[in-house]
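> The sequence shown: position 15 = 14 (numbering that gives the first Met the number 0), numbered continuously.
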Amino acid sequence: MRKNKVVDSFLQVDVSDLKFPIISVFYNPLDQPGKYVARMFDLDQPTDTSMVKDTLAELYEGFPPNLTRIPRQPNDHESVVEMWLY
Numbered sequence: 000m001r002k003n004k005v006v007d008s009f010l011q012v013d014v015s016d017l018k019f020p021i022i023s024v025f026y027n028p029l030d031q032p033g034k035y036v037a038r039m040f041d042l043d044q045p046t047d048t049s050m051v052k053d054t055l056a057e058l059y060e061g062f063p064p065n066l067t068r069i070p071r072q073p074n075d076h077e078s079v080v081e082m083w084l085y
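1. Excluding the five sequence neighbours on either side, which residues of its own chain have a C-beta within less than 7 angstroms of the C-beta of aspartate 81, listed in chain order?
2. Give the single residue among Val51, Leu17, Gly33, Val14 whose Cα lies nearest to the Cα of asparagine 3.
3. From which residue to which residue does the alpha helix (DSSP H) around tyrosine 59 run?
4. According to the neighbour-count rule (16 or more other Cβ atoms, all chains shown, within 10 Å of its Cβ), is proline 20 buried or exposed?
5. Are the beta-carbon atoms belonging to leucine 89 and proline 63 less than 8 angstroms from one another?
6. Can you tell me which of the three DSSP states phenylalanine 19 falls into?
See the structure below:
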């Protein structure tokens, strides 16, 4: 089992080994109630890297520029806010 790595920002996270890096944003997930959580995925596979903040604006401060936002889809889990593609 891999240990989760909580970072303050994705700006210094090396994604060069990921085939298709995606940041999925959640609000109020079971493991972080009342928080916004951004989790790094490689396409549909979770990585060990995430950010946890009190507000969505705080999360955005730690995102690299020029990401593409994908809004929440009707079939997404209720805690999903949006996704960001590199």
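C-beta: ideal position from N, C-alpha, C; glycine also.
From the atom records:
1. The displayed chain sequence assigns glutamate, not aspartate, to residue 81. If the five residues before and after glutamate 81 are omitted, its C-beta is found closer than 7 angstroms to the C-beta atoms of Val24, Arg68, Ile69, Pro70, Arg71, all from its own chain and listed in chain order.
2. Cα-wise, what sits closest to asparagine 3 is Val51.
3. Segment 55–60, the alpha helix (DSSP H) holding tyrosine 59.
4. Proline 20 is buried by the Cβ-count criterion.
5. In this structure the chain extends from 0 to 85, so residue 89 is not present and cannot be described.
6. Correct three-state label for phenylalanine 19: coil.
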